[in-house]
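Chains as they are written, first to last, in this note's numbering: chain A, 598 to 1030; chain B, 998 to 1382. C-beta: ideal position from N, C-alpha, C; glycine also. One structure is given here, and the rest of the page talks about it.
This is the structure:
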């Protein structure tokens, strides 16, 4: 039976949602609203309430505010006031990096040993894929080889650590751990799933201040997908797509509230689930999985029940991001190394509305009525996406292959990185200051 | 072929939509892309739906069979490149195949007997020098029937209409075919990535219609083929054969490497192949990895008939110079050149050096280096006995 306790989610959101810090911009494009504290932004859905973006960019692309060197990594950027955080690889070590968000100057770098743990698949960087989480004075990070750290965000001092593989049997899924932590109340919650067929908690919650384990969930399949939080039926749900499981848990205890399983083909790399309030969940899996819409409800006994409303095979988002505008989800069908298509799918019917060639595998971000697209070739685009089609206003190459890192937008500043460079671009409309 | 499932479900006859689509196809077979392993697909074809590239190199794509009372021969080919376009989602009543075309390099047709191959490629037959490729252009589809559905796999029978051009002769064909769509699964991953389309069918062609007539004085019907049977098995994928999956190789480098191999292997044209290779080598003179790949392909790529060891040596020696003779992958290639030259002692010397530099090497390279070292050591030992 579901608990009917009052939601504590607001407490979390207050800490993670965009707030005005009234920074002095000094004429640069440094953001006035300066927080993006976790994977996916304020609501973990790659949509944000930024305004004042240009409708079109200059021919050479949006102005570069700064550009700095960085090492390999797919870890995306989080921004807290005037500091941004991300991760990269330094030979046999992982590094957590803090940069000045306005100038690109490196504030501190904390390296720790992270030797390769076999078996790994070579050919693609095994560098940190997970995105840091900032809560209060702490920053939480997970390296590619599953080293979990809590650091002082001002100094980079490591406050406490866990070796997830050693302590909990967590898998790095052979390509390097990729899920990003999420905060709930005084906890930080992580995917800690083991290799398929082995035992170990699918998710684990740790106390933010001490690192003490608060709860461990049942075993689920491993995976790269990051969990999200949603509110339904007056309760908070920790939602995650792992292996063939699509699961909602009580984030206070790790107990399963609801669970459904999809076909084994959808076991592969998956996009972060997208909550469609008040009661639906969009999931997409690459490598033959496809997109699904689930409805979460209550059965006659008052128990949670999950119904699959539709499954459309040919929207396979592997590790890219998706964005929802109204009743349409926009994202990139990545087609198992076949040419990618940016596409729109109608949430009501599960039917594709359009497809567009011309981009490689891409991440999308929605803000100010526009879609910002970054493909793996490093091509950045500004577009308007509607159910009728995609109008691309500007398109410019800004990074190198493989640019898999999802973009971060804070105010009108876009933060991007590849394996060599991290940069801030000014997306303001001309004349704005 | 085992994967081709014929379902016995009730047949659903789809309306015949054929030739209206013919107008969508232009009247020429598109040229090869820069890499040579795909065709340049016209923009209007890209707009029609999902592109399935014919996947060369994975199996026998064509068996060309001829038989007389006193002679029987089969030539095969696995280097056909081309594409078919299908709707993204085949709705009921919709034709499952919209446009398509392919190119077949004459030099890649092989009967497995050098004498036959020489005749087949020679001026009296297919005349490889003047007409290096056989082409096919789809002009329409008729008689479409749904024959099966199993999970995400869908099968049809149909007649594929098209024009086959051999030398300067074009013949119109109606080929009964079986078509299967097999979306990517963990099972098909063994074959490669992408969603699959498989076209399987056969037809007969009068050889005189494609300009293949018996040589003068050799018109004995017991010894000369009159009809050729073409048996196609075209495995296609949404992933292009030219898709570069290697982060450390630029797309341009990858295409050039493919082009080099295509000229040598598919067209058996060492003159053009090594001319292109020399240009590529000059452009890559300071890029050890590119030079190493060039040499390694020259030495090992399956199907290359003329391996220029001096060319490979020049490329890999420069790669070795650039890496200070400390790169296991490069040294492994260098040793292989000596081995192919028959200089076993030198091969062993460089292979040992490769084995000394395995720290941090890719596991695949490590395996290659060690197994080659064992082989060379065994052969040197044997030669000393």
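Nearest residue (CA-CA) to residue i, options the options
| i | options | result |
| --- | --- | --- |
| residue 884/A | 751/A, 932/A and 936/A | 932/A |
| residue 723/A | 854/A, 788/A, 879/A and 669/A | 669/A |
| residue 783/A | 690/A, 803/A and 901/A | 803/A |
| residue 634/A | 654/A, 707/A and 750/A | 750/A |
| residue 763/A | 773/A, 743/A and 774/A | 743/A |
| residue 974/A | 1325/B, 1245/B, 1308/B and 1359/B | 1245/B |
| residue 923/A | 943/A, 938/A and 913/A | 943/A |
| residue 704/A | 710/A, 711/A, 713/A and 693/A | 693/A |
| residue 1132/B | 1027/B, 1201/B and 1189/B | 1027/B |
| residue 1100/B | 1083/B, 1128/B, 1280/B and 1192/B | 1128/B |
| residue 880/A | 747/A, 901/A, 844/A and 964/A | 844/A |
| residue 1019/A | 828/A, 663/A and 636/A | 663/A |
| residue 640/A | 935/A, 889/A and 921/A | 921/A |
| residue 1035/A | 889/A, 666/A and 778/A | No information on residue 1035/A is available, as it lies outside the stretch 598 to 1030 that chain A covers here. |
| residue 1301/B | 1075/B, 1252/B, 1217/B and 1267/B | 1267/B |
Residue i (DSSP reduced to helix, strand or coil)
| i | result |
| --- | --- |
| residue 646/A | coil |
| residue 617/A | Reliability fails at residue 617/A, whose pLDDT of 31 lies under 50, so the model's placement of it is uncertain and the value that follows must be treated cautiously. The answer is strand: DSSP assigns residue 617/A an E or B state. |
| residue 1207/B | helix |
| residue 1031/A | Residue 1031/A lies beyond the stretch modelled for chain A, which goes from 598 to 1030, so this question has no answer here. |
| residue 849/A | coil |
| residue 1289/B | helix |
| residue 1040/B | helix |
| residue 654/A | coil |
| residue 1128/B | coil |
| residue 684/A | strand |
| residue 864/A | helix |
| residue 710/A | strand |
| residue 745/A | strand |
| residue 1332/B | helix |
| residue 1363/B | helix |
Beta carbon of residue i nearer than 7 angstroms to that of residue j
| i | j | result |
| --- | --- | --- |
| residue 1260/B | residue 1270/B | yes |
| residue 1123/B | residue 1079/B | no |
| residue 1258/B | residue 1294/B | yes |
| residue 1337/B | residue 1306/B | yes |
| residue 658/A | residue 1009/A | no |
| residue 661/A | residue 1022/A | yes |
| residue 732/A | residue 776/A | no |
| residue 1233/B | residue 1050/B | yes |
| residue 1166/B | residue 1208/B | yes |
| residue 1228/B | residue 1168/B | no |
| residue 1141/B | residue 1092/B | yes |
| residue 1332/B | residue 1344/B | yes |
| residue 835/A | residue 846/A | yes |
| residue 808/A | residue 757/A | yes |
CB contact below 7 angstroms: residue i versus chain A
| i | result |
| --- | --- |
| residue 1182/B | yes |
| residue 1235/B | yes |
| residue 1191/B | yes |
| residue 1240/B | yes |
| residue 1129/B | no |
| residue 1035/B | no |
Below-7 angstroms beta-carbon distance, residue i vs any chain B residue
| i | result |
| --- | --- |
| residue 858/A | no |
| residue 935/A | yes |
| residue 1041/A | Residue 1041/A lies beyond the stretch modelled for chain A, which goes from 598 to 1030, so this question has no answer here. |
| residue 885/A | yes |
| residue 955/A | no |
| residue 576/A | Residue coverage of chain A in this structure runs from 598 to 1030, which leaves residue 576/A outside it and unanswerable. |
| residue 1011/A | no |
Contacts that residue i makes with chain B (C-beta to C-beta distance below 7 angstroms)
| i | result |
| --- | --- |
| residue 998/A | 1244 |
| residue 862/A | 1182 and 1183 |
Neighbour list for residue i in chain A, Cβ cutoff strictly below 8 angstroms
| i | result |
| --- | --- |
| residue 1085/B | 911, 949 and 952 |
Neighbouring residues, chain A, relative to residue i (Cβ below 7 angstroms)
| i | result |
| --- | --- |
| residue 1149/B | 910 |
| residue 1043/B | 954 |
Partner residues on chain B for residue i, Cβ-Cβ distance less than 8 angstroms
| i | result |
| --- | --- |
| residue 635/A | Going along chain B, no residue has its Cβ under 8 angstroms from residue 635/A, so there is no contact; the nearest lies around 27 angstroms. |
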